[in-house]
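Colleague: Pasting in a structure now, in structure tokens, and then I'll have a few things to ask.
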Amino acid sequence: MTELTMGKALTAAMRRALADDDKTLVMGEDIGRLGGVFRITDGLQSEFGPRRVVDTPLAESGIVGTAVGLAFRGFRPIVEIQFDGFVYPAFDQIVSQVAKLHYRTQGRVKMPITIRIPWAGGVGAAEHHSESPEAYFVHTAGLRVVAVSNPQDAYTMLRQAIASDDPVVFFEPKRLYHAKGEVDLDADIADAAPLGLARVVREGTDATLVTYGAQVTTALDAALAAEDEGISLEVIDLRSLSPVDYGTVAASVRRTGRVVVTHEASREAGVAAEVIASITEKCFHYLEAPPLRVTGHDIPYPPAKLEQHHLPDLDRILDAVDRVLGRPSGVPEVTA
Amino acid sequence: MTDTLTPAAALASDTEDVARLLDHEGRRVRDERLDPWAADVDAPMLRQVYRDMFLSRRLDAEGVALQRQGHLGLWAPAHGQEAVQVGTAWACHDDDFLFPSYREIGIEVVRGVQPKDFVMVWHGAQHASWNPFDVHVANPQIIIGAQSLHAVGYAMGIQRDGGDQVAVAYFGDGATSQGDVNEAMIFASSYGVPVVFVCSNNQWAISEPVQLQSRTPISHRAPGFGIPSMRVDGNDVLACIAAMRWAADHARSGRGPAYLEAVTYRVGPHTTSDDPTRYRDADEVAHWKARDPLARVESYLRALGAFDDAFAQSLTADADRFTAAMRAAVVGATAPDALRVFDNVYAEPHSGLDEQRARFALYLDGFSDGGTR
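So the protein sequences, as listed, match chains A and B. Numbers in the numbering used here are just positions in the first sequence, counted from 1, shifted up by 332. Numbers in the numbering used here are just positions in the second sequence, counted from 1, shifted up by 7.
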């Protein structure tokens with residue numbers, strides 16, 4: 333085991349993929365000599381050369397569209413989108429081409445493309461640098477969507493994403509890039525939990541907290557705080573947003589009977605809405621209280637000095653926990 | 008708007024300032040740039056080229072007929088564009104990879120796409136028919152210009168593999184306004200990849216004239232990207248062969264991308280759902296019909312003594328067989344299995360979709376006849 337930041341774990345995963353398979357290449361803006369604006373590709377170009385670690389023109393549709401052509405030729409491109417809010421110029425190529433070519437061609441043309449996106453807020457950044465666009469991609473058939481929450485998953489899941497014959501949109505929480513953890517660099521990805529599985533990161537009995545990405549840390553903090561009040565919270569890291577591992581989620585909810593889903597992304601038609609709808613279908617007779625969402629507001633991402641009011645923090649999660657437990661939350665209900 | 012467009016209109020749609028080797032009457036004319044690339048094109052080869060053009064024309068007419076008779080949901084006629092399509096494809100090597108839009112019937116004829124594979128998509132049975140790796144032609148792209156980036160990416164792959172192929176991006180005049188086409192030119196130029204851009208300027212993007220897309224001849228844009236270009240008569244198949252040979256040779260020899268603007272005309276509607284009488288004059292269509300690409304090469308072949316009744320009869324017989332097979336494919340087609348809607352969304356298992364599929368199968372099984380399966 334090696335102690336690594338999430339950023340270094342991601343770098344190590346790409347280094348391993350580049351070393352193992354000469355059809356793998358990395359593309360993106362400023363990823364070469366600079367090593368990426370977050371330094372996630374640091375050192376890769378000097379090690380593997382500019383033909384495999386490719387600085388691209390500043391055109392996101394061009395990056396993803398040429399990755400499609402490279403996949404036609406048998407390559408496995410790893411694409412870095414510089415910031416979450418910069419992915420939209422590539423949206424057409426992702427949604428209409430990357431996601432659909434395998435279906436369109438009856439499986440003849442594979443799209444083993446990994447689209448890495450530095451993601452979400454809490455880092456005091458400028459507009460378009462803190463967004464959570466995952467629901468757009470979850471809604472698109474043909475894409476797999478994952479979000480990592482710790483260095484080991486970052487390493488293992490990125491290697492699994494690269495190895496997958498399906499396109500994977502890979503969300504990397506910026507706010508955890510410098511978080512450290514033990515990483516087994518020799519782990520066989522075939523032995524690790526498959527890419528589509530959720531993980532129970534803390535066991536509990538009174539209610540289930542479902543989340544993903546950097547919000548896993550917030551949820552674990554909330555569970556620790558709730559413990560002081562004698563409340564036992566189970567925390568599930570979804571890891572994969574398409575597919576969602578409802579086996580793990582439903583098993584937990586059937587035991588606890590209460591569920592709160594939390595994410596940074598805004599609420600309307602978001603991942604929490606889908607997860608709660610599915611849980612309600614699968615676990616209705618086990619539920620002791622209406623499931624609740626704790627999400628970002630339905631607003632454009634606010635300026636940095638206001639983002640703390642947008643991001644669902646520990647107290648907002650605990651307020652929802654109180655409500656699903658039927659405890660006085662101190663906040664009156666707003667009637668529709 | 009017409010006023011402000013008038014000066015550019017003359018330029019962007021000008022059809023005289025183009026390179027050609029056969030004039031409108033099919034007489035061989037000289038062109039310094041093109042002549043060397045057509046020196047070995049003899050009558051036997053041109054007969055083969057003409058055969059593919061003739062087959063494209065007949066295949067296209069059959070597609071329209073099948074649509075009118077209710078067998079196809081839609082058809083995008085290629086009438087009038089046979090020379091650029093067949094000529095440029097003839098100039099390529101068999102393993103050069105072509106990325107067409109939805110109207111490039113001629114290149115698919117050249118590559119031997121089977122009769123049924125021209126109709127099953129428009130019949131609604133499939134989103135794509137032929138295997139692109141068998142014929143080195145990607146399945147037609149519907150999103151305007153998106154395939155230009157795929158061609159450039161493929162060429163980046165050729166560059167990395169050390170291959171001697173080129174990739175070809177086919178698109179129309181409307182597509183030149185798309186960001187993807189411009190981004191493709193930037194990527195291609197910056198990396199110097201072996202790709203040829205072929206813009207079939209057929210004057211109309213549904214109802215919008217080319218003057219709305221470009222205030223200069225489209226070929227003039229390419230040098231601004233660092234890409235050499237040529238403006239060629241897209242109704243002159245000999246010129247299209249020669250120009251494409253120049254462009255492909257340029258790309259293949261490691262000098263980076265090349266660009267062709269082939270000036271042609273969409274004689275028919277955009278698709279069978281379109282009504283071009285709403286936006287263009289009959290005089291204009293008549294003008295272009297008089298410049299028919301098939302008639303031009305036929306005249307040339309007759310002058311060479313290489314076109315007689317026996318040849319004409321063999322062409323007709325071949326086309327009859329081909330179009331009969333197209334018709335048979337759709338008239339006899341059975342509805343696909345319902346559960347096929349779930350096939351190939353993913354290459355690997357996806358628990359969410361797998362559950363939906365299982366549930367839908369059980370639902371269908373509840374019908375005495377298995378639903379529509």
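Just so you know, even glycine gets a beta-carbon here, dropped at the ideal spot from N, CA and C.
What ranges does the beta strand (DSSP E) occupy inside the segment 464-511 of chain A, keeping only unbroken runs of at least 3 residues that lie completely in it?
Modeller: Entirely contained in the segment 464-511 of chain A, the beta strand (DSSP E) runs reaching 3 residues are, in chain order, 476-479, 500-505.
Colleague: Residue 194 of chain B versus chain A: which residues are under 9 Å apart at the beta carbon?
Modeller: Those within 9 Å of residue 194 of chain B in chain A are 388, 389, 391, 394, 395, 397, 398.
Colleague: Distance check for residue 612 of chain A and residue 622 of chain A, CA to CA, integer angstroms please.
Modeller: Their backbone Cα atoms lie some 9 Å apart in a straight line.
Colleague: Identify the continuous alpha helix (DSSP H) that holds residue 206 of chain B and give its terminal residues.
Modeller: That residue, residue 206 of chain B, is in no alpha helix (DSSP H); its beta strand (DSSP E) goes 202-208.
Colleague: Please go through the segment 512-575 of chain A and give each complete beta strand (DSSP E) segment of 3 or more residues, from N-terminal end onward.
Modeller: With a minimum length of 3 residues, the continuous beta strand (DSSP E) runs that stay inside the segment 512-575 of chain A are 512-515, 531-534, 539-543, 565-569, 572-574.
Colleague: Secondary structure at residue 333 of chain A, three-state DSSP: helix, strand or coil?
Modeller: Coil, per DSSP.
Colleague: Can you name the residues that DSSP bridges to residue 358 of chain A?
Modeller: Its beta-bridge partners are A/385, A/410.
Colleague: Going by other Cβ atoms of all chains shown within 10 Å of its Cβ, with 16 needed for buried, is residue 27 of chain B buried or exposed?
Modeller: Buried is the call here.
Colleague: Report, in whole angstroms, the separation of the C-beta atoms of residue 266 of chain B and residue 295 of chain B, which I expect to be a contact under 8 Å.
Modeller: About 23 Å; that fails the 8 Å criterion.
Colleague: For residue 106 of chain B, collect the residues of the same chain with a Cβ closer than 6 Å to its Cβ; drop the 5 residues on either side in sequence, then sort them by chain order.
Modeller: Cβ within range, chain order: 145, 154, 157, 158, 176.
Colleague: Which stretch, first to last residue, makes up the beta strand (DSSP E) that contains residue 192 of chain B?
Modeller: It is not in any beta strand (DSSP E) - residue 192 of chain B instead sits in the alpha helix (DSSP H) that spans 186-198.
Colleague: If we count the other Cβ atoms within 10 Å of its Cβ and call it buried at 16 or more, is residue 13 of chain B buried or exposed?
Modeller: Residue confidence for residue 13 of chain B is low, a pLDDT of 45 falling below 50, so the modelled location carries little weight; the figure read from the coordinates is stated next. Counting Cβ neighbours within 10 Å, residue 13 of chain B comes out exposed, since fewer than 16 surround it.
Colleague: Under 7 Å Cβ to Cβ from residue 532 of chain A, same chain only, skipping five residues before and after it: list those, please.
Modeller: Within the same chain, residue 532 of chain A has close Cβ partners 566, 568, 580, 584.
Colleague: Determine the contact status of residue 349 of chain A and residue 356 of chain A, defining contact as a CB-CB distance below 8 Å.
Modeller: Going by C-beta atoms, residue 349 of chain A is nearer than 8 Å to residue 356 of chain A.
Colleague: Can you tell me where the beta strand (DSSP E) with residue 269 of chain B in it begins and where it stops?
Modeller: Counting along the chain, the beta strand (DSSP E) containing residue 269 of chain B begins and ends at 265-270.
Colleague: Can you give me, in chain order, the residues of the segment 72-101 of chain B that have a beta carbon less than 8 Å from any beta carbon in chain A?
Modeller: Residues: none.
Colleague: Note down, one range per segment and in chain order, each alpha helix (DSSP H) of at least 4 residues found wholly within the segment 138-165 of chain B.
Modeller: Runs of the alpha helix (DSSP H) inside the segment 138-165 of chain B: 139-142.
Colleague: Could you pull out every residue in the same chain whose Cβ sits closer than 6 Å to the Cβ of residue 529 of chain A, ignoring the five residues on either side in sequence?
Modeller: So the qualifying residues of the chain are 577.
Colleague: Sorted by chain position, which residues of the same chain lie with C-beta nearer than 8 Å to residue 63 of chain B's C-beta, five sequence neighbours on each side aside?
Modeller: The residues are 85, 89, 92, 93, 112, 113, 116.
Colleague: Please check if any C-beta of chain B sits within less than 8 Å of the C-beta of residue 435 of chain A.
Modeller: Residue 435 of chain A counts as touching chain B.
Colleague: Assign residue 390 of chain A to one of two classes, buried (16 or more other C-beta atoms within 10 Å of its C-beta) or exposed (fewer than that).
Modeller: Burial call: exposed.
Colleague: Is residue 10 of chain B helix, strand or coil by DSSP?
Modeller: Because the pLDDT of residue 10 of chain B is 47, which lies under 50, any placement of that residue in the model is unreliable, and the number read from its coordinates should be weighed accordingly. If DSSP states are grouped into helix, strand and coil, residue 10 of chain B belongs with the helices.
Colleague: Is the shortest distance between the beta-carbon of residue 370 of chain B and the beta-carbons of chain A less than 8 Å?
Modeller: No, its Cβ sits nowhere closer than 8 Å to a Cβ of chain A.
Colleague: Considering only residues of the same chain and omitting the five flanking positions on each side of residue 254 of chain B, which have a CB-CB separation below 6 Å?
Modeller: Here the set comprises 203, 265, 267.
Colleague: Residues bridged to residue 240 of chain B by DSSP?
Modeller: Paired residues: B/270.
Colleague: If residue 498 of chain A sits next to residue 353 of chain B, beta carbons under 8 Å apart, how far is it from one beta carbon to the other, in whole angstroms?
Modeller: Rounded, the Cβ-Cβ distance is 5 Å, consistent with contact.
Colleague: Exposed or buried, what is residue 641 of chain A when buried is set at 16 or more other beta-carbons lying within 10 Å of its beta-carbon?
Modeller: With fewer than 16 other Cβ atoms within 10 Å, it is exposed.
Colleague: Under 7 Å between beta-carbons, which chain A residues line up against residue 320 of chain B? List them in chain order, please.
Modeller: In chain order: nothing, as chain A lies at least about 38 Å away.
Colleague: Using a C-beta to C-beta distance shorter than 9 Å, which residues of chain A count as neighbours of residue 109 of chain B?
Modeller: The premise fails here: residue 109 of chain B is roughly 13 Å from chain A at the closest Cβ pair, so nothing lies under 9 Å.
Colleague: For residue 363 of chain B, would you say it is in contact with chain A, using Cβ-to-Cβ distances shorter than 8 Å as the test?
Modeller: So, not an interface residue.
Colleague: Is there at least one Cβ from chain A nearer than 8 Å to residue 11 of chain B's Cβ?
Modeller: Residue confidence for residue 11 of chain B is low, a pLDDT of 48 falling below 50, so the modelled location carries little weight; the figure read from the coordinates is stated next. So no, residue 11 of chain B is outside the interface.
Colleague: Quick check: is the beta carbon of residue 349 of chain A nearer than 8 Å to any beta carbon in chain B?
Modeller: Cβ-Cβ to chain B under 8 Å: no for residue 349 of chain A.
Colleague: Are there 16 or more other CB atoms within 10 angstroms of the CB of residue 9 of chain B, so buried, or fewer, so exposed?
Modeller: Confidence in residue 9 of chain B is poor, its pLDDT being 45 and thus under 50, which makes the residue's placement unreliable; the coordinate value appears in the next sentence. Flag for residue 9 of chain B reads exposed.
Colleague: Going straight from the alpha carbon of residue 333 of chain B to that of residue 109 of chain B, what length do you get?
Modeller: Looking at the two C-alpha atoms, the distance is approximately 17 Å.
Colleague: What number of angstroms, rounded off, separates the C-alpha of residue 385 of chain B from the C-alpha of residue 343 of chain B?
Modeller: Limits of chain B in this structure are 8 at one end and 380 at the other, which puts residue 385 of chain B out of reach.
Colleague: Judging by CA-CA distance, which residue of A/545, A/546, A/538 is the nearest neighbour of residue 555 of chain A?
Modeller: Checking every option, the nearest Cα to that of residue 555 of chain A belongs to A/538.
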